[in-house]
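Novice: Here it is, the structure in full.
In this note's numbering, the protein residues as written are 4 to 661.
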């Protein structure tokens, strides 16, 4: 880096530091920062010695610091603020890119220095110079590349911010003031950024005036919009009134139509009532004639009634006879039911006897089989004994007695078998007899059920005849009541006719009143239409103004759609030129300036190289380190409350490249 480049960077940093102190109102308490030929050379010497040491660490090279400060007559040791930044893969570093990196480094030293006990912040604000506020401090900025772990020069740059404060050159036994003078430490240089700061202040003032004018124009626009809204509201009221009048007119016309329909209906009802009256009068006349006929034929009807009563009595007698017959048949039926039950009981008993006989038969057959087996055994034995008799005459006497006994046993077995067979035959006969009795009982039951059904059918027929005779008698008895009902209907028809006549007269009167009301509403409708026409003319004028304003607004919105910004990982907004826009905010994908005005949209990816470079550098930035500094974090914490206004410092010296 040349002396001219280092001087430019030193003036850039000094201007930022002095603006911070002035904005906080502490410049009279801590003094100003100046740039001198000697301070620039000191920073270049520190950078040179650091590079010669092949320094490869993100830390301070104290050997290079002490050696450099000693060369300038400051033997008490050197200190510095420093920052580091990796190189740009896409382009070589420039003075503009250095200024961009330095600006962001100063921001971090001021606002993100808590892990360094605010040492950088104290140094930059000059808070250790309170006792020498009338004396300036001298600043120099230099830079050098670091070495990597393999001993090669890397693309990481280290920036040195070396400040010589009054404590270093006033009454310090370790400082050789003459050497400082000879090195040009007090030979200050011209700072062109001071003029730029004045120009910035003027531009901000002009911007404020323009913003005030914009605010006035927006207020006027708001007033016009409010007036337009008022006129639109008035127009809406008039339209609502017109609509109400039209609805009232429609209602009145509908009512008139309804009244005409009701009038026609009443006329029809009147005609129907008159027709019904005529019909009821005819019915009344017929009823009178019927009554006369009933009166003239009363004796015949009484005779018929007497005959009907006699017939009823005869039918009642037949009914009584049928009931007696039914009762007798019911008795027969009950007896048959009892006999059936007895037969069923006998059948059950016979079945039980049959089952017992079967069991006895089975037992007898078992005994018979046993006896037959004994018989066969005896016969076999007899054969054997006979043979034995023939063969053993010597034992004849003994076997003669045994043979007689066995013959007796055989005879007894044969008798027992005959008895069991006789008993089985007897049981079979008893079972057959009981089955025959059961069949007879079932036949008798079926006959009794048929007799009962015939009796029930006869009883129902007689009951139907009785009901018919009773209905005929009731009709004869109700003839006077029917005449009274016909007379009541005639009276009701007369009342209906009178009411219909009154309703007709009332409808005619109501129709006349509503026709007068309709005329009044038509007049009001004509007045409302005139007012509506006037309101529409006013609305057309206001709409023309609004259309012009909307067109201008649409053009502005179209411009913002084509203006793109990017956002870094720490939330900073970067424009297409790679500038960090202080005070800008992002809502959704829209970008707003410090005054809340929509100025563009947020791009998903960087749209220019400048934008991509700034985003990459901001995201990869490393927090700076510091040397030994006193702990003044408590004092700085109180001061940092007012630092929000310093975000505008980025307007100076931003990177200028495509």
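Idealized CB from N, CA, C, for every residue including glycine.
Keep in mind the model is a prediction, meaning the values are calculated, not measured.
What residue range does the beta strand (DSSP E) around residue 149 cover?
Specialist: Where residue 149 is concerned, the enclosing beta strand (DSSP E) stretches over 140-150.
Novice: What is the DSSP secondary structure of residue 95, counted as helix, strand or coil?
Specialist: Note: residue 95 maps to coil in three-state DSSP.
Novice: Can you tell me where the beta strand (DSSP E) holding residue 595 begins and where it ends?
Specialist: From DSSP, the beta strand (DSSP E) with residue 595 extends over 593-595.
Novice: Just list the beta strand (DSSP E) runs in the segment 219-255, keeping only unbroken ones of 3 residues or longer that don't cross its boundaries, in chain order.
Specialist: Complete beta strand (DSSP E) runs here, min 3: none at all.
Novice: Distance, Cα to Cα, residue 238 vs residue 263?
Specialist: Answer to the nearest angstrom: the Cα atoms are 37 Å apart.
Novice: In or out: residue 305 buried (at least 16 other Cβ within 10 Å) or exposed?
Specialist: Residue 305 is exposed by the Cβ-count criterion.
Novice: What is the residue span of the alpha helix (DSSP H) that residue 586 lies within?
Specialist: Taken as a continuous stretch (DSSP letters only), residue 586 belongs to no alpha helix (DSSP H), as it is neither H nor E.
Novice: Thinking residue 622 and residue 571 are a contact (beta carbons under 8 Å), I'd like their distance in whole angstroms, please.
Specialist: That pair is a contact at about 6 Å.
Novice: Have a look at 591, 608, 567, 609 and flag the residue whose alpha-carbon is nearest the alpha-carbon of residue 602.
Specialist: The option with the nearest alpha carbon to residue 602 is 567.
Novice: Quickly, what does DSSP pair residue 574 with across the bridge? List them, please.
Specialist: Bridge partners of residue 574: none, in fact.
Novice: Below 8 Å, how does it come out for the segment 30-39 and the segment 10-20: are there three or more Cβ pairs, yes or no?
Specialist: At 8 Å Cβ cutoff, the stretches touch.
Novice: Less than 8 Å between the beta carbons of residue 59 and residue 150, yes or no?
Specialist: Closer than 8 Å, so yes.
Novice: What does residue 454 pair with, by DSSP beta-bridge criteria?
Specialist: DSSP lists no partner for residue 454.
Novice: Which of helix, strand or coil does DSSP assign to residue 34?
Specialist: Residue 34 falls in the coil class under three-state DSSP.
Novice: Any idea what DSSP makes of residue 63, helix, strand or coil?
Specialist: Here residue 63 sits in coil by DSSP.
Novice: Report buried or exposed for residue 49, applying the criterion of at least 16 other Cβ atoms within 10 angstroms of its Cβ.
Specialist: Residue 49 comes out buried.
Novice: So for residue 161, helix, strand or coil by DSSP?
Specialist: If DSSP states are grouped into helix, strand and coil, residue 161 belongs with the strands.
Novice: Please state the DSSP three-state secondary structure of residue 10.
Specialist: Helix.
Novice: Alpha carbons only, please: which of 155, 166, 549 is nearest the one belonging to residue 142?
Specialist: The shortest Cα separation from residue 142 among 155, 166, 549 belongs to 166.
Novice: Could you compute how far the alpha carbon of residue 74 sits from the alpha carbon of residue 171?
Specialist: Residue 74 and residue 171: Cα-Cα distance of roughly 14 Å.
Novice: Can the beta-carbon of residue 89 be found less than 8 Å from the beta-carbon of residue 43?
Specialist: Going by C-beta atoms, residue 89 is not nearer than 8 Å to residue 43.
Novice: Would you check if there are 3 or more beta carbon pairs closer than 8 Å linking the segment 455-462 to the segment 324-339?
Specialist: Output reads yes: the segment 324-339 touches the segment 455-462.
Novice: Using alpha carbons as the reference points, say which of 244, 261, 117 lies closest to residue 533.
Specialist: Nearest option by C-alpha distance: 244.
Novice: When the Cα of residue 77 is compared with those of 10, 515, 45, which residue comes out closest?
Specialist: Per the Cα distances, 45.
Novice: The alpha helix (DSSP H) with residue 182 in it runs from where to where?
Specialist: 180-185 is the extent of the alpha helix (DSSP H) around residue 182.
Novice: By the 10 Å Cβ neighbour count, where 16 or more other Cβ atoms means buried, how is residue 334 classified, buried or exposed?
Specialist: It counts as exposed.
Novice: Output yes or no for whether 8 Å exceeds the beta carbon distance between residue 371 and residue 423.
Specialist: Yes, these two residues count as a Cβ contact at 8 Å.
Novice: Look up residue 88 in the DSSP assignment and say whether it is helix, strand or coil.
Specialist: In this structure, residue 88 counts as strand in the three-state DSSP scheme.
Novice: Using the Cα positions of residue 348 and residue 354, report the straight-line distance between them to the nearest angstrom.
Specialist: Their Cα atoms are separated by approximately 10 Å.
Novice: Output the distance between the C-alpha atoms of residue 585 and residue 101, rounded to the nearest integer angstrom.
Specialist: Rounded to whole angstroms, residue 585 to residue 101 spans 19 Å at the Cα level.
Novice: Since residue 154 and residue 57 should fall inside the 8 Å C-beta cutoff, what is the C-beta to C-beta distance between them, to a whole number of angstroms?
Specialist: Their Cβ separation, rounded to whole angstroms, is 7 Å, which keeps residue 154 and residue 57 in contact under 8 Å.
Novice: Please list the terminal residues of the continuous alpha helix (DSSP H) segment that includes residue 133.
Specialist: Per DSSP, residue 133 belongs to no alpha helix (DSSP H) and is neither H nor E.
Novice: How big is the Cα-Cα spacing for residue 545 and residue 231?
Specialist: Using only the alpha carbons, I get a separation of about 6 Å.
Novice: Within 10 angstroms of the Cβ of residue 31, are there 16 or more other Cβ atoms? Answer buried if so, exposed if not.
Specialist: Looking at its Cβ environment, which holds fewer than 16 other Cβ atoms inside 10 Å, residue 31 is exposed.
Novice: Give a yes or no on whether the C-beta atoms belonging to residue 255 and residue 520 are separated by under 8 Å.
Specialist: Yes, these two residues count as a Cβ contact at 8 Å.
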